[in-house]
Each structure stands twice: as C-alpha cells, then as structure tokens.
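Step one of this worksheet: look at the structure below.
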Amino acid sequence: MKNAKWLFLSIIMAFIGVPLLVNIITIIVGGMWACISVLENSIPVAQSIEKATIIPVALLGAGLIFLCGRIWGKGNASEVNPEWRDCCLLMPALVVLMGWVILMFLTDLNIRAIGRKPIAQVVQTLWLVPSVISFFNGWVWAVLLIPVGSQLCFALGYGGARWGVLRGGAGYSCRNLLVICLLFFGSCAVYQSHLYAVKYPAPESSEYLYFRDYQAHTWGNKLTGLRDEPTLLLTQNWPRLDGATAGLPLYASAFYALTRFPDDICPEDYLENQGTIEAYQNILNGNADLIFVAQPSTAQKQLAEASGVKLVYTPFAREAFVFIVNQNNPVSSLSDVQIRGIFSGRITHWNEVGGEAIDIKPWQRPENSGS
Numbered sequence: 001m002k003n004a005k006w007l008f009l010s011i012i013m014a015f016i017g018v019p020l021l022v023n024i025i026t027i028i029v030g031g032m033w034a035c036i037s038v039l040e041n042s043i044p045v046a047q048s049i050e051k052a053t054i055i056p057v058a059l060l061g062a063g064l065i066f067l068c069g070r071i072w073g074k075g076n077a078s079e080v081n082p083e084w085r086d087c088c089l090l091m092p093a094l095v096v097l098m099g100w101v102i103l104m105f106l107t108d109l110n111i112r113a114i115g116r117k118p119i120a121q122v123v124q125t126l127w128l129v130p131s132v133i134s135f136f137n138g139w140v141w142a143v144l145l146i147p148v149g150s151q152l153c154f155a156l157g158y159g160g161a162r163w164g165v166l167r168g169g170a171g172y173s174c175r176n177l178l179v180i181c182l183l184f185f186g187s188c189a190v191y192q193s194h195l196y197a198v199k200y201p202a203p204e205s206s207e208y209l210y211f212r213d214y215q216a217h218t219w220g221n222k223l224t225g226l227r228d229e230p231t232l233l234l235t236q237n238w239p240r241l242d243g244a245t246a247g248l249p250l251y252a253s254a255f256y257a258l259t260r261f262p263d264d265i266c267p268e269d270y271l272e273n274q275g276t277i278e279a280y281q282n283i284l285n286g287n288a289d290l291i292f293v294a295q296p297s298t299a300q301k302q303l304a305e306a307s308g309v310k311l312v313y314t315p316f317a318r319e320a321f322v323f324i325v326n327q328n329n330p331v332s333s334l335s336d337v338q339i340r341g342i343f344s345g346r347i348t349h350w351n352e353v354g355g356e357a358i359d360i361k362p363w364q365r366p367e368n369s370g371s
C-alpha cells in the first residue's frame with residue numbers, strides 16, 4: 001500500500017504537478033517579459049530589448065523550475081530508491097517528445113494538423129499558459145520545447161547529484177534507458193525541425209522599420225549625419241513630414257540634420273512615418289506639409305484633384321524594382337515584357353518563360369502603395 005501511494009504521488013507530480021507549476025512560473029516570467037516590452041516603448045534604445053531578453057527570460061524560467069525540483073528533492077531526501085521517481089518525472093517529457101516526432105512523421109511535417117490530434121490537445125491543456133502564449137506569438141515550437149524542457153529541468157533539480165550515478169540497480173538502469181530514448185527522439189525532433197525549415201522557409205527580410213531607430217534621441221540610432229555644416233537650417237516654422245517606409249532612413253536623417261528645436265518642443269511632433277498610402281492621405285487632409293514618397297497613382301491624383309489640393313512634385317532620387325524568385329527556380333532572368341505579362345495575368349505558368357509547368361503565384365504590394 002505504501003509503495004502504491006508513493007507511485008501514485010510520483011505520477012501525479014510528474015503529469016499534473018509539474019505542468020501546473022510551469023503554468024504558474026510562465027505567468028510570472030511572461031508578466032516580466034510583458035513589462036520589458038512596455039518598458040521598451042518608453043526607453044530610447046534602438047535595438048529591440050524584447051528580442052534581446054528572450055534567452056535570459058527563458059533561462060530564468062528554467063532556473064526557477066530547476067530550483068523547485070531541488071527544493072522538492074530535499075524535502076524527500078529520506079526516500080528509498082528515489083531514482084524511480086526520476087523515471088516518473090522523465091516520462092511526461094518522453095511521451096510528449098515521442099508523440100511529437102510520430103505526429104510530425106504521420107502528418108508530413110504539418111504542424112497545424114498536429115494541433116488537432118487528441119494527444120496534442122491534452123498537452124495544450126496541461127501546459128495551457130505556454131500553449132496560449134505560443135499561439136498568439138506564432139511560435140509553434142514552444143508547444144514542444146516548454147513541456148519537455150520544463151520536465152527535464154525539474155527532474156534534474158530533483159535528482160541533483162544522483163544524476164552522476166550511472167549504476168546502482170534497476171531504477172538507475174530504467175532512468176538511463178529513458179535518457180537514451182529522450183536523446184534519440186530529441187535528435188529526431190531536431191532533424192524534423194531542419195526538414196520543416198527547408199519545406200516551409202521563414203522570410204529572411206522584412207519591410208518593417210522601427211521608427212525609434214530613426215529618432216535623434218535614441219541611443220545607437222541609425223540616422224546618417226551630414227559631412228559638412230548644412231547650408232539650410234530651420235529654427236522655426238518647421239514642416240510636418242511623412243513618407244514611405246523605405247524612405248524613412250533618408251528623410252528622417254535630413255529632418256534632424258536640417259532642423260533645430262527649442263527644449264519645449266518635441267521634434268517627433270513634426271515627423272511621421274505612416275507609409276505611402278497614409279502619407280498621401282495626410283497631405284491631402286492637411287496633416288502633413290511634405291511627404292517623401294513615390295509618384296502618386298492615377299487614383300491618388302484624382303483624389304487630390306477632387307480634394308482641391310495641388311500637389312507639387314520635386315524629384316530627388318531614383319529607385320529600381322528587383323524581382324525575386326525562389327532559389328530552386330530554374331528561371332534566372334525575365335524581360336520587361338515577361339514581367340508585365342506576369343503581373344497583368346497574361347502569363348500564368350513558369351513554362352511560358354522557360355521554367356517548369358507550374359503555376360506562377362506573383363506577390364505584389366497593396367494598391368496605391370509606393371511600389
């Protein structure tokens with residue numbers, strides 16, 4: 001009866017107690033990370049504090065779980081054959097890891113399909129808070145890494161120096177076998193993550209720019225200074241600027257180099273970066289005096305005429321379009337006529353331009369955008 005009670009408590013702690021503890025610690029650590037995100041928006045630092053603190057925050061959570069395991073281990077120091085409880089604590093990690101590897105294989109690396117499987121729903125229920133966070137952040141691997149990592153951290157904390165003992169009876173042999181299985185399925189999961197990255201490559205670039213990176217008071221900003229003293233310096237009647245996302249580094253640098261403000265006026269009140277479409281709306285509505293954008297579309301010209309606003313165009317730079325295809329696409333070049341045919345819908349298959357007989361899926365910016 002005593003052994004049955006001991007085994008029952010071990011299983012409850014492994015499959016319910018530790019996940020519950022992880023949910024609580026995730027709320028605490030996640031709250032700290034949320035505070036960092038809020039703080040980031042109020043501190044003038046160019047680099048993203050939130051991204052820079054991902055690893056330290058994760059290590060803090062792992063350390064807290066390890067500490068809880070250590071405390072629980074000291075409270076049960078007088079147990080006989082505690083290595084069997086090590087085995088119980090490792091079992092949830094092995095079940096989750098093994099289930100993930102098998103489901104990734106059966107669904108052909110379709111993570112969305114895995115989320116609909118009963119075992120995945122059980123995991124998401126037990127580790128509810130990490131699952132919700134991963135859902136909203138789009139980091140699907142957290143559903144695997146947090147349950148497995150947290151169980152391992154707790155088990156390591158509970159076992160302590162016992163993990164240095166490799167021999168000593170059936171309990172240690174069972175624990176060692178579980179560790180070998182974890183290493184095997186962990187290696188499989190790493191390989192599957194590589195296959196997933198190849199099959200579903202993440203975008204390697206983004207059109208988004210952090211506005212604070214181009215503010216003069218930001219430490220480590222990305223503004224480009226003038227080589228010489230400016231011949232034009234605005235100390236009053238400052239124009240309100242707006243423009244395209246791609247133009248922000250240029251016109252923000254010019255703005256700060258050619259203006260001087262008294263201490264009681266905030267320069268950022270005169271500098272915006274709403275993008276091409278909103279910039280045109282702002283100048284037509286009287287909310288901007290000068291915008292840095294590509295030439296307006298026909299619709300934007302008609303809107304300006306209907307609004308009774310006369311736009312004055314001053315060209316100051318030239319730009320070119322670069323059309324990018326997948327690295328495995330055999331088509332290495334396209335003529336102007338072919339590009340126009342693709343984006344007009346006249347050319348719809350790659351074999352029409354020297355490629356394979358598959359559909360062309362062109363991507364383009366929203367209507368009236370700068371590109």
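No gaps in the numbering here: position 52 of the sequence shown is 52 in the UniProt record's numbering, and each next residue is one more. For each residue, glycine too, the CB sits at the ideal point set by N, CA and C. Quantities reported herein were computed from a predicted structural model and do not represent experimental measurements.
With distances taken between CA atoms, C88 lies nearest to M13 out of L60, I27, M13 and S134. If you check the CB distance, C35 and G157 do not come in under 8 Å. Comparing C-alpha distances from A120 to each of I133, W139 and V95 shows the shortest one belongs to V95. In its chain, beyond the 5 residues on either side, D289 and L290 have a beta carbon closer than 6 Å to the beta carbon of P239. In this chain, the beta strand (DSSP E) harbouring L241 covers L241 to G243.
Residue pairing for I324: DSSP places it in no beta bridge.
The three-state secondary structure of T259, taken from DSSP, is strand. Here H194 carries a helix assignment [DSSP, helix/strand/coil]. Taking C-beta atoms as the reference points, W127 and V22 count as a pair closer than 8 Å. Cβ atoms of F211 and N287 stay farther apart than 8 Å, at about 17 Å. One Cα belongs to H349, the other to F323, and the distance between them is close to 16 Å.
Counting the other Cβ atoms within 10 Å of the Cβ of C266 gives fewer than 16, which makes it exposed. When DSSP states are grouped into helix, strand and coil, D336 belongs to the helix group. In the three-state reduction of the DSSP assignment, D359 falls in the strand class.
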